[in-house]
Amino acid sequence: MKSARLTGPAFVIGLWFLPVFVTLEFRPILPVDETRVVSVAWEMWNRGDFLVPYLNGAPYSDKPPLLFWIIQLGWAVTGVNTWWPRLVPPLFALGCLYVTYALGRRLWPHTSEAAGGAVLVLAGTAFWSAFCTGLVYDMTLTFFVLTGTAALLHAWQEKRWSSFALFGISAGLGILTKGPVALLHLGIPALTAPLWMRENRPQWTRWYLGVAAGAAVGLGLAAAWAFPAAQAGGDAYAQQILWHQTTGRVVSAFAHRRPLWWYLPLLPLLLFPWIVWPPLWRALRPLVATRPDSGIRLMLVWSGVGLAAFSAFSGKQAHYLLPLLPPLALLAGRGLVENPTVRPGDALFPAAGLVLFGGLLSFTPILGPKLHLPAWVAELPVVTGLTIAGAGVVLAVVRLGHPFLEAAKVALASAFTVAAFQAGLSLPVWNAYDLNPISARLKTLEEKGVPLAHVGKYHGQFHFLGRLKRPLEIIQPPELPAWFVRHPSGRAIVYLAADDPTLNEAEFHQPFRSRFVAIIGGRTAASVSGRHRLGMPASEVAP
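Per the UniProt record's numbering, the sequence shown starts with residue 1, numbered consecutively.
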């Protein structure tokens with residue numbers, strides 16, 4: 001079938017490759033989340049300690065070590081470099097596409113195009129496309145959630161206990177990626193099985209014993225690292241990983257500040273462009289209204305209960321919902337096969353979104369100063385917005401007819417927009433996020449034996465980029481004069497406003513987000529003594 005060939009694996013891989021290539025080519029490792037990940041991996045590598053993660057010389061308890069291990073495994077083969085850590089999440093994203101396809105084939109073996117439609121929708125979701133290049137934990141977690149769910153389906157359909165062991169291994173690797181949240185993701189399809197299994201229902205005692213055994217395997221796998229690491233890392237580290245990463249993290253989630261409904265206004269952005277593509281709504285309505293099969297029920301329960309569960313926790317970030325996109329994509333793929341209807345003008349809605357987005361970007365040089373946005377906003381190239389708006393016009397004008405070809409057209413426009421946006425940011429914006437210059441200067445100072453201090457909380461943003469081998473001393477603004485008395489030849493890293501006259505006295509400074517990061521000596525420290533905003537503002541640190 002021509003449409004199947006044109007929307008097959010090569011096309012989907014192209015959708016994946018487009019933003020990945022642009023990211024590797026144009027975008028630096030972004031502070032503070034990405035630089036922190038790679039700095040922890042670097043410190044473990046530099047120390048030769050592969051059991052306890054370290055950040056700035058202290059045990060790092062916020063995340064388990066699997067992603068750091070994978071980065072170091074690549075370095076063991078290729079040597080320490082920048083490109084391998086940045087390639088790890090995209091490779092897991094590619095793996096997610098494959099496992100999503102496998103899930104679709106297992107759920108609907110007689111409707112094979114549903115699996116192809118699912119990966120087309122997933123790869124063409126702008127939010128997924130943007131985050132598949134991010135050096136964070138969520139894409140790796142999503143992969144293990146998908147493999148664990150695939151093992152559950154195998155246990156259900158084949159009645160094999162070994163499948164529960166595979167479920168447990170996936171759960172354990174998920175825990176080692178991002179902590180116990182993996183059990184929440186995998187617990188939804190496992191524990192709600194009576195809600196979504198219509199045919200071939202198992203004996204429930206046997207099912208839940210298998211799930212419990214799998215969970216025990218997963219916890220055992222995580223414990224095989226956690227208990228030796230707790231012993232090696234000291235009492236404070238042990239308390240953090242054995243308490244804070246379990247019960248403590250759940251309790252603290254309710255102490256954060258985002259309301260129950262916080263995800264709801266984000267859903268249009270998370271699901272763009274498909275949420276404004278009418279054929280998908282027409283396809284899903286009869287699919288859900290009639291008696292849905294087990295696969296459709298699973299996708300509805302998995303995504304619906306997952307959204308409700310994560311909404312209940314007030315600690316929220318948009319990327320926490322990444323593991324919920326594959327079930328929605330599978331639902332969309334099944335709908336496109338069962339009810340394929342395309343009408344003239346359907347592409348106008350996602351096209352309008354692209355034209356609007358591109359138009360706003362084109363006016364940022366004018367609107368930026370008037371709205372008091374950061375200075376780099378005014379430097380955004382007008383051509384970036386015009387290119388994205390042009391993609392919207394092409395999307396609206398070109399008609400391909402077949403539902404899958406129309407879906408491929410929308411997916412390509414979405415992936416192209418993400419790639420064009422990231423490429424357009426390369427000069428003005430990424431320069432304000434590229435900490436390589438100051439990191440190189442810090443490396444030179446370290447090699448000369450100059451004492452180095454960082455004012456305010458440090459997130460590891462310089463250690464890997466500068467290949468630093470010693471910790472920075474962390475001090476608070478009031479401690480700055482006394483520190484220079486003890487270290488008269490030392491240097492301190494501070495964060496200053498763009499109009500701060502002290503910048504002219506700094507030994508080195510460069511733009512950083514909406515401010516400047518600077519290296520100052522003792523003479524300059526007298527000019528900033530007494531200030532309380534020398535550290536990185538909390539608003540510029542993603543939780």
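C-beta atoms are modelled at their ideal positions from N, C-alpha and C, and glycine is treated no differently.
message = Taking the beta strand (DSSP E) that F363 belongs to, which residues open and close that run?
response = It is not in any beta strand (DSSP E) - F363 carries neither H nor E in the DSSP assignment.
key: Residue burial classification, E515 (beta-carbon count within 10 angstroms, cutoff 16)   = Glu is not the amino acid found at residue 515; the sequence shown has Arg there. If you draw a 10 Å sphere on the C-beta of R515, you find 16 or more other C-beta atoms in it, and that means buried.
inquiry  = Measuring only the C-alpha atoms, how far is H244 from A351?
reply    = Looking at the two C-alpha atoms, the distance is approximately 46 angstroms.
ask   = From which residue to which residue does the alpha helix (DSSP H) around E406 run?
value = Counting along the chain, the alpha helix (DSSP H) containing E406 begins and ends at 403-424.
ask   = Are at least three pairs of beta-carbons, each pair with one atom in the region 221-235 and one in the region 157-174, less than 8 angstroms apart?
value = Touching, per the Cβ criterion.
message = If you reduce the DSSP assignment to three classes, tell me which class R86 lands in.
response = It is helical.
inquiry  = Tell me the DSSP secondary structure of A190 in three-state form.
reply    = Helix.
In chain order, each alpha helix (DSSP H) run of at least 4 residues that lies wholly inside the UniProt domain "Glycosyltransferase RgtA/B/C/D-like" (62-202) = Runs of the alpha helix (DSSP H) inside the UniProt domain "Glycosyltransferase RgtA/B/C/D-like" (62-202): 66-78, 83-107, 112-123, 126-131, 138-158, 161-178, 181-191, 193-196.
key: D235 classed as buried or exposed, judged by whether at least 16 other C-beta atoms fall within 10 angstroms   = Exposed is the call here.
inquiry  = Taking 8 angstroms as the threshold (C-beta atoms), are P344 and P403 in contact?
reply    = No Cβ-Cβ contact shorter than 8 angstroms links P403 with P344.
key: Nearest-angstrom Cβ-Cβ length linking P279 and S303, presumed shorter than 8 angstroms   = That pair is no contact at about 20 angstroms.
query = Do W490 and A518 have their C-beta atoms closer together than 8 angstroms?
reply = Looking at the sequence itself, residue 490 is Gly, so the reference to Trp does not match. Taking a C-beta distance under 8 angstroms as the contact criterion, G490 and A518 do not qualify as a contact pair.
ask   = Across which residues does DSSP place residue 596 in a beta bridge pair?
value = Any question about residue 596 goes unanswered here, given that the chain covers just 1 to 543.
H454, enclosing beta strand (DSSP E) - first and last residue = From DSSP, the beta strand (DSSP E) with H454 extends over 452-455.
key: CA nearest to the CA of F227, picked from G214, A190, L267, L176   = Ranked by Cα distance from F227, the first of G214, A190, L267, L176 is L176.
query = From W225 to V382, what does the alpha carbon distance come to, in whole angstroms?
reply = Answer to the nearest angstrom: the Cα atoms are 51 angstroms apart.
ask   = Looking only at DSSP bridge pairs, what is A58 linked to?
value = DSSP output for A58 lists L55 as bridge partner(s).
message = Are there any heavy atoms of the ligand MN lying less than 7 angstroms away from the beta-carbon of V288, as far as the coordinates show?
response = Looking at this structure, you won't find the ligand MN or any other ligand, since it has none at all.
message = Could you tell me the alpha carbon to alpha carbon distance between G449 and L380, rounded to whole angstroms?
response = Rounded to the nearest angstrom, the two C-alpha atoms are 40 angstroms apart.
request  = Report the rounded CA-to-CA distance for W376 versus A308, giving the unit in angstroms.
outcome  = Each residue's alpha carbon lies about 38 angstroms from the other.
inquiry  = Checking the sheet assignment: what are the DSSP bridge partners for E473?
reply    = A453, per the DSSP bridge assignment.
task = Verify whether the separation of the beta carbon atoms of W16 and L94 is less than 8 angstroms.
result = Yes, they are a contact pair.
ask   = Anyone know if the C-beta pair for P323 and L141 falls short of 8 angstroms?
value = Yes, Cβ-Cβ distance for P323 and L141 is below 8 angstroms.
Segments assigned alpha helix (DSSP H), at least 4 residues, entirely inside the region 241-322 = Counting whole runs of 4 or more residues, the region 241-322 contains the alpha helix (DSSP H) stretches 249-253, 267-270, 278-289, 294-312.
inquiry  = What does the alpha-carbon distance come out to for the pair N56 and D434?
reply    = For the pair N56 and D434, the Cα-to-Cα distance works out to about 20 angstroms.
ask   = In three-state terms, what does DSSP make of R441?
value = R441 falls in the helix class under three-state DSSP.
message = I'd like to know whether the C-beta atoms of A482 and A525 end up nearer to each other than 8 angstroms.
response = No, the Cβ-Cβ distance between A482 and A525 is not below 8 angstroms.
message = Considering Cα atoms alone, identify which of A238, H487, H185 is closest to residue 544.
response = No information on residue 544 is available, as it lies outside the stretch 1 to 543 that the chain covers here.
query = alpha helix (DSSP H) containing E34: first to last residue?
reply = Note, E34: alpha helix (DSSP H), 33-47.
key: Whether P28 touches W430 by CB criterion (8 angstroms)   = P28 is a Cβ neighbour of W430, given a cutoff of 8 angstroms.
request  = Have a look at I366 and G358 and give me their C-alpha separation to the nearest angstrom.
outcome  = Those two C-alpha atoms are separated by around 14 angstroms.
task = Inspect the beta-carbon positions of S61 and I241 and report whether they are closer than 8 angstroms.
result = Between S61 and I241, the C-beta gap is smaller than 8 angstroms, which places the two residues in contact.
inquiry  = Starting from I388, trace the alpha helix (DSSP H) in both directions and tell me its first and last residue.
reply    = From DSSP, the alpha helix (DSSP H) with I388 extends over 382-397.
query = Among D346, A318, R47, V485, which one has its Cα closest to the Cα of A126?
reply = For A126, the closest of D346, A318, R47, V485 by C-alpha to C-alpha distance is A318.
request  = Could you have a look at R491 and say whether DSSP puts it in helix, strand or coil?
outcome  = DSSP places R491 within a strand segment (E or B) once states are collapsed to three.
message = At the level of alpha carbons, what is the spacing between E199 and G306?
response = CA-to-CA, the gap between E199 and G306 works out to about 23 angstroms.
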